[in-house]
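The numbering used here numbers the first residue of the sequence shown as 251 and each following residue consecutively.
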Amino acid sequence: MAVHSIQLDALPASREQARVWCAQLEDGGILYFPQTPAPIPAEDLDFLLNQRQSGGAIHKNIAYKPDRDRLSGWDGKSMSTAEVDRLRDIMRRYSAGVNAFLEEFLAPYQRRWRLDYASYRPIEEEGRDLPLRRRNDLLHTDAFPTRPTRGARILRFFHNIHPTRTRDWVVGEPFRRVVNEFAPAKLALPRSRTGAGRAAMRVARVTGLASLVSQWRRTPYDEFMMQLHNAMKEDAGFQSTCAKVFVEFAPGSSWMVYTETVPHAVLSGQYALEQTFLVDPAAMVTPDSAPVAVLERLAGARLT
Ligand SMILES: [Fe+2]
251 MAVHSIQLDA LPASREQARV WCAQLEDGGI LYFPQTPAPI PAEDLDFLLN
301 QRQSGGAIHK NIAYKPDRDR LSGWDGKSMS TAEVDRLRDI MRRYSAGVNA
351 FLEEFLAPYQ RRWRLDYASY RPIEEEGRDL PLRRRNDLLH TDAFPTRPTR
401 GARILRFFHN IHPTRTRDWV VGEPFRRVVN EFAPAKLALP RSRTGAGRAA
451 MRVARVTGLA SLVSQWRRTP YDEFMMQLHN AMKEDAGFQS TCAKVFVEFA
501 PGSSWMVYTE TVPHAVLSGQ YALEQTFLVD PAAMVTPDSA PVAVLERLAG
551 ARLT
C-alpha cells in the first residue's frame, strides 16, 4: 500500500501525470494532499467546529444528498431551522467544490461518475460503541447494504477539518491480494444469476418492488462485496495478522482512495468531511484492476 503525496504547486498537472495518479488510485494507493485542494471558507469551518459549543450538538454523522439537496442525520432537538439551513448550505458548497476539483484532477475519467452522498463526521472515532459490522475501527472494504453499486467503484474524498489533531487510519493490502485470502477458502466466489434469478429481478424492476427492497437490486457482485465487508470485520485472525500500515492524515489535509477495494480502519480522529463518487469501472485507466473485473476473472462469469 502506498501513499502518494501531492503538493498544490503540482496542479494543474499534465495529461500524463493525471493518468499516473488515476493508475495509482486504481492500484490501491492513497492520493494525499497535505494541504487540501478544496478549501472550506473560514466562517464555514468555524460553524462546523463550534456546533458543540453554541448549545447545539451534532451527535451523528450528517449526510448530504446532492441530487435532492437534502440533509439528514442532524439533531432536531438541539439545532434551530436557521442552523440546519446553514449546515445544508455548507455541505452543498463542499460537495460542489470537491466535484469541481475532481472534474479537473481526474480528467482521464471524463466525469463518468455519479455524485453520491457527502458526509460530515463530527464524532470522535476512538472508543465508539458500535455493533461489530458497523465498526469503523476494524479493517474492511466498503459496501452499502441499502444502495448496491452494481459494479460502480466507490471513490471517497476526505478532508480532516480538525484544527490540531491528525485522523489516524490503518490500511491493508490491495483488493487483488486480499480477495485471495477470503475467496474461495472462506467465502464462496460469486456466481452469475440463474435464468430464474434474472426473471425475478425483471419482475421486481417492472413492478417497482426493486426500488423498495434493496436486496432485489443487488447483483452477484454486490452480494459478494457485502459478504466480503462482513467477513473481514468478523475475522479476528485477519484483523491481527494481515499486512497493514498506519497512516496519519494531518489537520487541514485531504486524501482520496477507492474504499471498496482498499481495506481501511479509522482508529481515531474527529471532524472530517467526505464526498463519495460512484465511478464507472469502464472509465478506469487500468480497467482490468476494477474489482468487478478481478472477480469476473476469478469466477469465470458475468457478475453485474
Ligand atoms: Fe469504510
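C-beta atoms are modelled at their ideal positions from N, C-alpha and C, and glycine is treated no differently.
*asked:* Quick check: does the Cβ of D392 come within less than 7 Å of any heavy atom belonging to ligand 1?
replied: Mapped onto the sequence shown, residue 392 falls at position 142. Yes, since a heavy atom of ligand 1 falls inside the 7 Å radius drawn around the Cβ of D392.
*For R371, which residues does DSSP report across the bridge?*
Counting from one through the sequence shown, the residue named residue 371 turns up at place 121. Note: R371 sits in a beta bridge opposite A522.
_Backbone CA spacing between I411 and W324 [nearest angstrom]_ = The sequence position of residue 411 within the sequence shown is 161, counting from 1. The sequence position of residue 324 within the sequence shown is 74, counting from 1. Going by the C-alpha atoms only, they are around 18 Å apart.
_Cα-Cα separation, F297 to A273_ = Residue mapping note: residue 297 aligns to position 47 of the sequence shown, counting from 1. Residue mapping note: residue 273 aligns to position 23 of the sequence shown, counting from 1. Distance between the alpha carbons of F297 and A273: 37 Å.
_Option nearest Q301 by Cα separation, candidates D317, P395 and V334_ = Working through the sequence shown from its first residue, we reach residue 301 at position 51. Among D317, P395 and V334, the Cα nearest to that of Q301 belongs to V334.
*asked:* In whole angstroms, give me the CA-to-CA distance for W505 and H409.
replied: On the sequence shown, residue 505 is found 255 positions in, with the first residue counted as 1. On the sequence shown, residue 409 is found 159 positions in, with the first residue counted as 1. When rounded, the distance between both Cα atoms is 7 Å.
*Beta-carbon gap between M482 and P513 smaller than 8 Å*: Residue mapping note: residue 482 aligns to position 232 of the sequence shown, counting from 1. Residue mapping note: residue 513 aligns to position 263 of the sequence shown, counting from 1. It is a contact, given that the beta carbons lie within the stated cut-off.
*asked:* Quick check: the segment 467 to 484 against the segment 380 to 397, are at least 3 beta-carbon pairs closer than 8 Å?
replied: yes
*Under 8 Å, do L439 and L548 count as touching if we go by C-beta distance?*
By 1-based counting over the sequence shown, the position of residue 439 is 189. By 1-based counting over the sequence shown, the position of residue 548 is 298. Against a cut-off of 8 Å, the Cβ pair of L548 and L439 comes out as a contact.
*First through last residue of the alpha helix (DSSP H) which encompasses H479*: Residue mapping note: residue 479 aligns to position 229 of the sequence shown, counting from 1. Start and end: P470 to E484.
*Where do the ends of the alpha helix (DSSP H) carrying R343 lie?*
The count along the sequence shown starts at 1 and reaches residue 343 at position 93. Element bounds for R343: T331 to F355.
*Take E293 and list the residues in its own chain whose beta-carbon comes closer than 7 Å to its own, dropping the five residues that flank it on each side.*
If you number the sequence shown from 1, residue 293 lands on position 43. Excluding sequence neighbours, E293 sits near nothing in its chain.
*From P537, L261, S255 and I256, residue whose alpha carbon lies closest to that of G401*: Numbered from 1 along the sequence shown, position 151 holds the residue referred to as residue 401. If we check each option's Cα against that of G401, P537 comes out closest.
*Can you check DSSP and say which residues form a bridge with Y508?*
Translated into the one-based positions of the sequence shown, residue 508 becomes position 258. Beta-bridge pairing links Y508 to L405.
*So, are the CB atoms of R364 and L528 less than 8 Å apart?*
Reading the sequence shown from its first residue, position 114 is the one you call residue 364. Reading the sequence shown from its first residue, position 278 is the one you call residue 528. Result yes, Cβ atoms of R364 and L528 sit closer than 8 Å.
*Beta carbon of T286 nearer than 8 Å to that of G519*: Working through the sequence shown from its first residue, we reach residue 286 at position 36. Working through the sequence shown from its first residue, we reach residue 519 at position 269. No, these two residues do not count as a Cβ contact at 8 Å.
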